[in-house]
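Q:
Residue numbers (this note's numbering): 251 to 396.
1) Compute the beta-carbon to beta-carbon distance between residue 307 and residue 328, rounded to the nearest angstrom, for a pair I have assumed lies under 8 angstroms.
2) Provide the residue(s) that pair with residue 361 in DSSP beta bridges, ordered along the chain.
3) Can you say whether residue 361 is buried or exposed, counting buried as having 16 or more other CB atoms within 10 angstroms of its CB?
4) Span of the alpha helix (DSSP H) holding residue 341?
5) Would you report the Cα separation of residue 191 and residue 294, rounded to the nearest angstrom?
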């Protein structure tokens with residue numbers, strides 16, 4: 251089990267999350283009923299996280315000189331990639347979840363339990379702020395529960 255979050259762990263987390271989303275993409279598409287039952291939430295999440303993973307893979311070189319940690323840089327790359335590749339409401343929400351994590355953890359030298367909990371709270375706030383009319387039972391509820 252991981253004691254702290256580092257850049258390599260961010261990459262593994264993204265890859266495993268994408269694998270899980272792909273495995274359950276059809277189920278998530280079938281669950282989709284908000285804001286309209288268009289059946290594409292799973293697909294949109296997969297496409298958005300794929301874009302995030304591609305952004306991470308393209309630029310993990312030099313760290314910015316603003317005090318950002320390696321894990322913070324990795325999270326910012328994920329957040330930017332997700333935002334640029336966001337598909338649908340769920341993709342935008344996912345990009346904001348990643349932004350909340352990146353903003354909170356970017357300068358934290360060691361990410362352990364309390365820092366991760368604070369980052370998840372910030373991610374929840376960012377996600378809810380991205381939606382004009384938040385509805386429970388969506389990906390918003392998932393991040394809030396986390």
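Note that the Cβ used here is the ideal one computed from N, Cα and C, for glycine as well. Just so it is clear, the structure is predicted and the values come from calculations on it, not from any experiment.
A: Judging by the given coordinates:
1) Contact doesn't hold; Cβ gap of about 10 angstroms is too wide.
2) Its beta-bridge partners are 255.
3) Here residue 361 is buried: its Cβ has 16 or more other Cβ atoms, across all protein chains shown, within 10 Å.
4) Looking at the DSSP string, the run of the alpha helix (DSSP H) that includes residue 341 is 338-355.
5) The requested residue 191 does not occur in the structure, where the chain is confined to residues 251 to 396.
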